[in-house]
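Here it is, written out as structure tokens:
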């Protein structure tokens, strides 16, 4: 059944079982059927003629879901091959550019501030913070109960003073056991729970370590006084001359607390050396076994999970071996009458050669625990070299040898006569002498210093907190200063309190933390507290100040927010603008940002100052961002006529295209610790300004 018009093309078709193939598409049924029939009989064939054009395959075009065989027919065509190669090389180029951009951003970005730089530090004396078991003494559980207060202040680092097991003389700084918690503060499990709670809130904790001495009740001392094995030379022993029942010490060395620093021991029949109280014998750090003991203590607490240490009294670690008398301050004074620490130059009992090597070895041990990302362990040193700023700066280490992250700075506490000039001098002394690339810090309170309000007056509490939180570096706040607490009057301290810790009470007495207006200021639910609370607790407490918009507490909180949120204050330049007997003025600014903050702080009497005459490029007006008087916030002030009352502080904000630190006239007045520049185009910081 083939059309007769077809031209001749031989083709054999089976006369039996023949099927039609439409479009020359392979048909499996056809194959099988014809194969079977071929076995049965040889089909008869006929010859037909077919048009050759009808046998050509139609032209194929790409279509969705085409098989690999069809796809390969088109892949080699130029239009597809060229497009594919262009896309390939564009992807490679984009990937290379992305990698290069990432490397460039990393290379140009400044080092992120570490946790000990980014947040203020809140120092707690645990015995006076919060009592949880009604015995009148603060404890570790009490600190855990009040962690919300720390976060309310926008603070992320807590510094807890010594809580080792001890006889609690001198703030507990003479440990009886470095591996245990004093029962007054709780159990080791209480510490572990506190540490977990601190870290759960994203906070960090550092603790004190006083390696110089122990308590005379320490096991090491008991073994040493009996000359037991390696402990024989764990302390500094010397023969003492005895005559008529009196003891003549080896030399004229005097303890910090007065009188001879040598104490005769009836058991060993020798004198032991103590730089502090006679109950606190000095360890012999020339004995390598003693040094190893301290390294083991460091490892123990870092293994527990603490985030760093403050090392106290480290300048006393070594003494001269020659035991010569120390020179007298007044050479005409009768040597027999010398009993006070201030009457001698301590050339042979402090900062001896090799002392810094010991501290650096502590640093190396701490660094072993800093390798984990995000778990850098901090090290501070707590030695106040009041008269020798160069000696203090030595604790930073050198360019190549790391020591403390910073030595704690008590310059602002040591200011004698408060004024704009004296504050400037205290700040400038540190900034001028601090080694390049190091990080400053500032403290305005400590366990051994009077409260701000008692030291300089209530009217200056807010302005000093404003200074503390707007200077470059890490601020350190002692508990209670955020609400303006005062010392308690000495007549309110009973004989019972004095017996509790005579050394603590010999310092300016600081009452327990004042939480609310209830009995005992909310510090304890017991009948009494270990020290009496201040009589002003009903108006000076956390609870009531949270409700006052113009309170010391709320100003402190606003200042910490400002510090955390504003890059110029967080890590920018500081430039001194002006200082006189009344005011201290400085700016905080950052390259790339046109926003500048100017602090006008009054530490004297009412004052009026023309700042535009000092800095001609200042705009004619600035806005008060924060004020010690909250009602002034948001107001505009004339920079030619800025008035401040006694104890008033202003944080002014303005915009300028010419920052002070670029002006030649102020080149010697500007400092930056971690230099960074801001790119508004990419919204990031970079270092090559």
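Residue numbers (the numbering used here): 1 to 689.
The beta carbon of each residue, even a glycine, is placed where N, CA and C say it ideally should be.
Bear in mind the structure is a predicted one, so any value in this text is a computation, not a measurement.
Tell me, to the nearest whole angstrom, how far the beta carbon of residue i is from that of residue j; I am working on the premise that it is less than 8 Å.
i, j, result
"residue 326", "residue 347", "6 Å"
"residue 569", "residue 557", "So it is not a contact: roughly 15 Å between Cβ atoms."
"residue 369", "residue 302", "4 Å"
"residue 636", "residue 623", "6 Å"
"residue 389", "residue 313", "In fact, because the Cβ distance is near 19 Å, the residues do not count as touching under 8 Å."
"residue 204", "residue 156", "6 Å"
"residue 309", "residue 423", "With 8 Å as the limit, residue 309 and residue 423 do not qualify as a contact, their Cβ atoms being about 30 Å apart."
"residue 150", "residue 163", "The Cβ separation is near 17 Å, so there is no contact."
"residue 579", "residue 420", "5 Å"
"residue 383", "residue 448", "Rounded, the Cβ-Cβ distance is 13 Å, inconsistent with contact."
"residue 179", "residue 300", "6 Å"
"residue 470", "residue 599", "5 Å"
"residue 270", "residue 239", "6 Å"
"residue 224", "residue 685", "Incorrect: roughly 54 Å between the Cβ atoms, too far for contact."
"residue 298", "residue 365", "5 Å"
"residue 639", "residue 621", "7 Å"
"residue 601", "residue 467", "6 Å"
Looking only at its chain, what residues have a beta carbon closer than 7 Å to the beta carbon of residue i, apart from the 5 residues adjacent to it on each side?
i, result
"residue 257", "276 and 277"
"residue 454", "486, 487 and 508"
"residue 565", "none"
"residue 41", "With a pLDDT of 46 at residue 41, under the threshold of 50, the modelled position of that residue is not reliable, and the figure given next carries that caveat. Cβ neighbours of residue 41 beyond the five flanking positions: none."
"residue 352", "318, 319 and 320"
"residue 571", "113, 674 and 676"
"residue 626", "558, 559, 562, 633 and 651"
"residue 429", "389 and 411"
"residue 285", "291, 317, 318 and 358"
"residue 657", "594"
"residue 691", "Missing from the structure shown is residue 691; the chain here goes from 1 to 689 and no further."
Residue j and residue i - do their beta-carbons sit closer together than 7 Å?
i, j, result
"residue 136", "residue 526", "yes"
"residue 359", "residue 403", "yes"
"residue 479", "residue 129", "yes"
"residue 483", "residue 533", "no"
"residue 593", "residue 678", "yes"
"residue 462", "residue 552", "yes"
"residue 673", "residue 439", "yes"
"residue 405", "residue 378", "yes"
"residue 692", "residue 177", "Summary: the structure shown does not reach residue 692, with the chain confined to residues 1 through 689, and so no result is reported for it."
"residue 247", "residue 264", "yes"
"residue 642", "residue 611", "yes"
"residue 603", "residue 651", "no"
"residue 458", "residue 414", "no"
"residue 103", "residue 126", "no"
I'd like the list of long-range same chain contacts for residue i, defined as Cβ closer than 6 Å, with 5 residues on each side in sequence excluded.
i, result
"residue 683", "none"
"residue 407", "381, 392 and 395"
"residue 431", "671"
"residue 445", "478 and 481"
"residue 450", "487 and 508"
"residue 115", "204"
"residue 146", "130"
"residue 464", "444 and 452"
"residue 694", "In the structure displayed, the chain extends from 1 to 689; residue 694 sits before or after that span and is not available."
Which residues in the same chain as residue i place their Cβ atom closer than 8 Å to its Cβ, once the five residues preceding and following it in sequence are excluded?
i, result
"residue 183", "165"
"residue 280", "169, 170, 173, 174, 213, 214, 215, 216 and 274"
"residue 330", "343"
"residue 28", "Note on residue 28: pLDDT 45, under 50, position unreliable in the model; the coordinate value appears next. None."
Under 6 Å from any heavy atom of the ligand ADP, does the C-beta of residue i make it?
i, result
"residue 424", "Questions concerning the ligand ADP fall outside what the structure shown contains, since it holds no ligand whatsoever."
Runs of 3 residues minimum, wholly inside the segment 158 to 216: which ones carry the beta strand (DSSP E) assignment?
177 to 181 and 204 to 209
Could you pull out every unbroken alpha helix (DSSP H) segment of at least 4 residues lying fully inside the segment 434 to 461, listed in chain order?
452 to 455
Does the contact criterion of 3 or more C-beta pairs under 8 Å hold for the segment 242 to 259 versus the segment 203 to 214?
no
Report yes or no: do the segment 184 to 192 and the segment 232 to 244 share at least 3 C-beta pairs separated by less than 8 Å?
no
Segment contact, 8 Å Cβ cut-off, at least three pairs: the segment 513 to 527 with the segment 103 to 123
no
If we count Cβ pairs, one from each stretch, closer than 8 Å, do we get three or more for the segment 304 to 321 versus the segment 194 to 211?
yes
Hey, is the segment 568 to 585 in contact with the segment 602 to 611, meaning 3+ C-beta pairs nearer than 8 Å?
yes
Please give the ranges of any beta strand (DSSP E) in the segment 272 to 340, keeping only runs that are unbroken, at least 3 residues long and fully inside the region.
308 to 312
Continuous alpha helix (DSSP H) assignments of at least 4 residues falling wholly in the segment 216 to 270
219 to 225
Within the segment 356 to 426, ranges of the beta strand (DSSP E) (whole runs, at least 3 residues)
378 to 382
Can you list the alpha helix (DSSP H) stretches of 4 or more residues lying completely in the segment 104 to 133, in chain order?
115 to 118
What are the start and end residues of each continuous beta strand (DSSP E) run of 3 or more residues lying completely inside the segment 618 to 660, in chain order?
621 to 627, 636 to 638, 642 to 644 and 649 to 655
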